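One structure below.
Residue numbers (UniProt numbering): 1 to 164.
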């Protein structure tokens, strides 16, 4: 029951993920309709079996003010898959400014990345090129769909049409 369900707005755009329990309540109250269910999986009561939802669509369009994904330490590490972007280590992770703050670098999605303490110390107040380090993946601001994919863990194959 810890699996996630993709929630679509009234216009079939992905807006969030929710638990199976929350999705079932929305379906039961006729606030959402079932778009896709998990094959062979059911939610059982004493007298009935209901298909386990994978994708639901809200009955009405809900205006969601998109504020973007918050710039936070956890979200940056999640974007970088909790790995050092220089050596790939998963131990002693910190945040690193690609262009150091001492040289005018800002704290933004495109200037922050995950680095292990050893690589961060070796880089110091230099750029990765000056320190002889190669950035595995260029830092960039994630889109809502890519962040939903990261948050879900395992993605149901039926979600791909709505998350691309």
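Glycine included, C-beta positions come from ideal geometry on N, C-alpha and C.
Just so we're clear, the structure is a prediction, and the values are computed from it rather than from any experiment.
Inside the stretch 16 to 60, DSSP marks whole beta strand (DSSP E) runs of 3 or more residues at positions 32 to 44 and 49 to 58, from first to last along the chain. When DSSP states are grouped into helix, strand and coil, residue 13 belongs to the coil group. Annotation: residue 150 to residue 98 spans about 23 Å, alpha carbon to alpha carbon. A distance below 6 Å between beta-carbons, with the five flanking residues on each side excluded, links residue 49 to the following residues of its chain, in chain order: 42.
With respect to the 8 Å criterion, residue 116 and residue 72 are not classified as neighbours on the basis of their beta carbons. DSSP, read as helix, strand or coil, puts residue 114 in strand. Per DSSP, residue 150 is one residue of the alpha helix (DSSP H) stretching across 144 to 152. DSSP places residue 163 within a helical segment (H, G or I) once states are collapsed to three.
Annotation note: the stretch 77 to 140 contains the following uninterrupted beta strand (DSSP E) runs of length 3 or greater, listed N- to C-terminal: 93 to 97 and 112 to 116. Counting the other CB atoms within 10 Å of its CB gives residue 24 a total of 16 or more, which places it among the buried residues.
In this structure the stretch 44 to 62 does not touch the stretch 123 to 132; the number of beta carbon pairs closer than 8 Å is below three. Here the alpha carbon of residue 139 sits roughly 45 Å from the alpha carbon of residue 44. Contact check for residue 19 against residue 4 passes: the beta carbons are separated by less than 8 Å.
Spatial neighbours of residue 96 in its own chain (CB-CB distance under 6 Å, excluding positions within 5 residues in sequence) are listed in chain order as 113, 115 and 120.
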